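What follows is one structure encoded as structure tokens, with my remarks underneath.
There are 2 protein chains.
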Amino acid sequence: MKKNLGNTPIVAPLPVLIVATYDEQDTPNAMNVAWGGQCGYHHVALNLALGHKTTENLKHKKAFTLSIANVETLVLSDYFGLVSGRKENKIEKAGVHITHSEFVDAPVIDEYPLTLECKVVEMQEALGEMHVVGEVVNVQADESMLNTQGKVDLGKLQPISFDSVLRAYRVLGEVVGKAFKDGSTLL
Amino acid sequence: MKKNLGNTPIVAPLPVLIVATYDEQDTPNAMNVAWGGQCGYHHVALNLALGHKTTENLKHKKAFTLSIANVETLVLSDYFGLVSGRKENKIEKAGVHITHSEFVDAPVIDEYPLTLECKVVEMQEALGEMHVVGEVVNVQADESMLNTQGKVDLGKLQPISFDSVLRAYRVLGEVVGKAFKDGSTLL
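Residue numbers (my numbering), protein chains in the order written: chain A, 196 to 382; chain B, 196 to 382.
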């Protein structure tokens, strides 16, 4: 039996993306974003409220890094979503360490084991949000997250997901199937 | 120690979204999409290759449903991504059942326990893809997926995620933290 629940989307899994930017004085900031994801072979999309410090920083610097929040960085990642960068220096308060990206004018937060370094290629207001598209220039991963083939092992990384119903974080779990393969039984 | 891995994004978790549409003859079709997600309070975004049958159907009907692939529907969901709707009638071949959405001119695939019914509010070519924004008009869920408060329980639903490194599906796991709360220890 199906029930109609109204017009509030439930999309799952939603990511928890940590977007880090510099302002005009090169002060780093970070926020967390669930409304974003991959949007092309080398591109990621973010949808941000217009008032964020990050939105302003993106306009000036045309660059950001995007780190994947995981179980290890859950508390830190939640904190980045609790406070506005206009009110306090979150990077300083959280006590995390910043390295300037080798590739773009944006800060890498050393504590995250997986970070995408991105150039802004599009910023457009839509539906009261700022839609931002970033071209991924480099992916930086901590060696401890790699498998024996040198590729990122999401089982080691343990990315988290935002559960919008419970307002909770869930961890990404085990492999349950092969893509472009398991469906072939229906061919 | 961090390593640079090149410019192929690793975004996690990516969703597995089943997009269902009618063509001009009202024949239903379905495909699967990992490049999409929520993009506003009542909006979802999809990024589709231009050549898809679905892209054409969206232009004509300006409507789609979006179902959340889960463990129970994994084989079916993978199949929808293996074959083009130009080559065969995937709905017929998979033997699934269709109900016309009450709210939009698009098919609901009965076998999925969670489906968003959406009107197309934007279609725009960008980066060689079709960027589609849908306004969610209704969310339909099977009663078996609801908790005692009548809300969707993602623990029951067991959504799957596309692991782009392994080309595999992972299941969304257990709750590991509270959003807008756990970070308050850093305030």
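Beta carbons: idealized from backbone N, C-alpha and C, even for Gly.
All of these numbers come straight from a predicted model, not from anything done at the bench.
With 16 other Cβ atoms within 10 Å as the buried cut-off, status of residue i
| i | result |
| --- | --- |
| residue 362(B) | exposed |
| residue 196(A) | exposed |
| residue 233(B) | buried |
| residue 352(A) | buried |
| residue 140(A) | A question about residue 140(A) goes unanswered here, because the residues of chain A that appear run from 196 up to 382. |
| residue 209(A) | buried |
| residue 343(B) | exposed |
| residue 255(B) | exposed |
| residue 292(B) | exposed |
| residue 261(B) | buried |
Residue i at chain A interface by Cβ criterion, 9 Å
| i | result |
| --- | --- |
| residue 345(B) | yes |
| residue 320(B) | no |
| residue 218(B) | no |
| residue 242(B) | yes |
| residue 354(B) | yes |
| residue 280(B) | no |
| residue 288(B) | yes |
| residue 263(B) | yes |
| residue 214(B) | no |
| residue 248(B) | no |
| residue 297(B) | yes |
| residue 306(B) | no |
| residue 221(B) | no |
| residue 324(B) | yes |
| residue 351(B) | no |
| residue 376(B) | yes |
Closer than 9 Å to chain B by CB, residue i
| i | result |
| --- | --- |
| residue 315(A) | no |
| residue 196(A) | yes |
| residue 205(A) | yes |
| residue 259(A) | no |
| residue 301(A) | no |
| residue 210(A) | yes |
| residue 293(A) | no |
| residue 199(A) | yes |
| residue 225(A) | no |
| residue 202(A) | yes |
| residue 333(A) | yes |
| residue 341(A) | yes |
| residue 255(A) | no |
Beta-carbon proximity check, residue i vs residue j, cutoff 9 Å
| i | j | result |
| --- | --- | --- |
| residue 280(A) | residue 310(A) | no |
| residue 273(A) | residue 379(B) | yes |
| residue 225(A) | residue 215(A) | yes |
| residue 349(B) | residue 365(A) | yes |
| residue 257(A) | residue 315(A) | yes |
| residue 377(B) | residue 269(A) | yes |
| residue 372(A) | residue 355(B) | yes |
| residue 276(B) | residue 336(A) | no |
| residue 367(B) | residue 367(A) | yes |
| residue 331(B) | residue 360(A) | no |
| residue 251(A) | residue 218(A) | yes |
Beta-carbon separation (whole angstroms), residue i vs residue j, contact threshold 8 Å
| i | j | result |
| --- | --- | --- |
| residue 223(B) | residue 302(B) | 4 Å |
| residue 211(A) | residue 264(A) | 4 Å |
| residue 358(A) | residue 370(B) | 7 Å |
| residue 306(A) | residue 271(A) | 7 Å |
| residue 235(A) | residue 317(B) | Contact doesn't hold; Cβ gap of about 17 Å is too wide. |
| residue 238(B) | residue 322(A) | 6 Å |
| residue 259(A) | residue 345(A) | At roughly 26 Å, the Cβ-Cβ gap does not stay under 8 Å, so residue 259(A) and residue 345(A) are not in contact. |
beta-carbon residue i near the ligand NAP non-hydrogen atom, thresh 8 Å
| i | result |
| --- | --- |
| residue 285(A) | You won't find the ligand NAP in this model; it holds no ligand whatsoever. |
Is the stretch 276-290 of chain A touching the stretch 224-243 of chain B, taking contact as three or more C-beta pairs under 8 Å?
-> Not touching, per the Cβ criterion.
Hey, is the stretch 289-298 of chain B in contact with the stretch 198-205 of chain B, meaning 3+ C-beta pairs nearer than 8 Å?
-> Output reads no: the stretch 198-205 of chain B does not touch the stretch 289-298 of chain B.
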